[in-house]
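J.: Heads up: the sequence shown runs through residues 9 to 170, numbered per our numbering.
Where a beta carbon is used, it is the ideal one built from N, C-alpha and C, also for glycine.
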Amino acid sequence: MGPATSFDAFPRRILVGAEQPVVFEQKPGWYALHGEPLPTAEGLLKFEPEAIAVLPGAPAAPLAAGQSLSPVYAQPGSEALAVPTGQLFIRFRPGESALAHRAALEQAGCRIAAVPDHAPEAAWLGSRRGGLAEALGCVARLRELEGVASVEPQLLMGRVLR
């Protein structure tokens, strides 16, 4: 995706949670830069281990090799910004193994990135092609799979002081 590209490939809304989902919507006037090098300006929201920076405005500079852009999300009426990482967390019903569903997950467009040792019914997923928009686009398909208890995209948010 080039800097002048819109975020039409990304969902406008993301639902997080199964019982009473929390809605996040694309936040106009903000974007996220994924990948090194991160901008050095002060006051930016940065997630250094993940190499993600949240920036105001519209992307203007060319991207470095390995960088990509994504929209930024927020709950309606909130200024707290959330950035998708491209990873999804899936949990199957108790007693089911996430690894046993590998073929169905791949058919839905995802690959297993990791299975927590303490929770074999769960897994971290990424898109088969590696794209952030593709990963977010898998959520609805994954929720329809047999045995799935929940699917949530990983969203990073800045710390909010109360």
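From the DSSP output, read off the bridge partner residues of Val156.
T.: Against the sequence shown, residue 156 aligns to sequence position 148. Bridge partners of Val156: Phe100.
J.: Secondary structure at Leu77, three-state DSSP: helix, strand or coil?
T.: Locating residue 77 in the sequence shown gives position 69, counting from the first residue. Looking at Leu77 - three-state DSSP - the assignment turns out to be strand.
J.: Taking Gln34 and Tyr81 to be in contact with their CB atoms under 8 Å, please state how far apart those CB atoms are, rounded to whole angstroms.
T.: Counted from its first residue, the sequence shown places residue 34 at position 26. Counted from its first residue, the sequence shown places residue 81 at position 73. That belief holds up - the Cβ atoms of Gln34 and Tyr81 are roughly 6 Å apart, short of 8 Å.
J.: Taking only the alpha-carbon atoms, compute the straight-line gap between Pro11 and Pro79 and give it to the nearest angstrom.
T.: On the sequence shown, position 3 is the one that residue 11 refers to. On the sequence shown, position 71 is the one that residue 79 refers to. Bear in mind that a pLDDT of 45 at Pro11, under 50, signals an unreliable position, so the model cannot answer this.
J.: Suppose contacts are defined by Cβ-Cβ distances below 8 Å. Is Leu144 in contact with Pro19 by that definition?
T.: Reading the sequence shown from its first residue, position 136 is the one you call residue 144. Reading the sequence shown from its first residue, position 11 is the one you call residue 19. Contact flag set, yes.
J.: Which residues in the same chain have their Cβ closer than 8 Å to the Cβ of Ala121, if we skip the five residues on either side of it in sequence?
T.: To locate residue 121, count along the sequence shown from 1; it is residue 113. So the list reads Gln95, Ala131, Trp132, Leu133, Gly134, once near-sequence residues are dropped.
J.: Are the beta-carbon atoms belonging to Met165 and Ala40 less than 8 Å from one another?
T.: As a first step, residue 165 is located in the sequence shown; it is residue number 157 there, counting from the start. As a first step, residue 40 is located in the sequence shown; it is residue number 32 there, counting from the start. Contact flag unset, no.
J.: Select from Gly155, Pro92, Pro36 the residue whose C-alpha is nearest the C-alpha of Gly85.
T.: Here residue 85 refers to the residue found at position 77 of the sequence shown. The residue with the shortest Cα to Cα distance from Gly85 is Pro36.
J.: Kindly identify the DSSP beta-bridge partner or partners of Arg119.
T.: Within the sequence shown, numbered from 1, the residue matching residue 119 stands at position 111. Arg119 is bridged to Gly134.
J.: Beta carbon of Ala106, beta carbon of Pro128: below 8 Å?
T.: Mapped onto the sequence shown, residue 106 falls at position 98. Mapped onto the sequence shown, residue 128 falls at position 120. In contact: Ala106 and Pro128 (Cβ atoms closer than 8 Å).
J.: Closer than 8 Å is the cut-off here; do at least three beta carbon pairs connect the stretch 40 to 49 with the stretch 66 to 75?
T.: Taking 8 Å as the limit for Cβ pairs, the verdict is that the stretch 66 to 75 does touch the stretch 40 to 49.
J.: Could you give the first and the last residue of the continuous beta strand (DSSP E) run that contains Leu41?
T.: Position 33 of the sequence shown, counted from the start, is the residue given in the question as residue 41. Counting along the chain, the beta strand (DSSP E) containing Leu41 begins and ends at 30 to 42.
J.: So what's Ala112 in DSSP terms, helix, strand or just coil?
T.: Taking the first residue of the sequence shown as 1, we reach residue 112 at position 104. Three-state result, Ala112: helix.
J.: What's the C-alpha gap between Gly65 and Glu58?
T.: Counted from its first residue, the sequence shown places residue 65 at position 57. Counted from its first residue, the sequence shown places residue 58 at position 50. One C-alpha to the other measures close to 21 Å.
J.: Tell me Ala61's beta-bridge partners as DSSP assigns them.
T.: On the sequence shown, position 53 is the one that residue 61 refers to. In the DSSP output, where bridge partners are listed per residue, Ala61 has Leu41, Lys54.
J.: Which same chain residues end up closer than 7 Å to Pro124 when comparing Cβ atoms and leaving out the 5 residues on each side of it in sequence?
T.: Within the sequence shown, the letter at position 116 stands for residue 124. Excluding sequence neighbours, Pro124 sits near Ala130.
J.: Counting only beta-carbon separations shorter than 8 Å, does Pro92 have a partner in chain C?
T.: Looking for chain C here will not work: only one protein chain is present.
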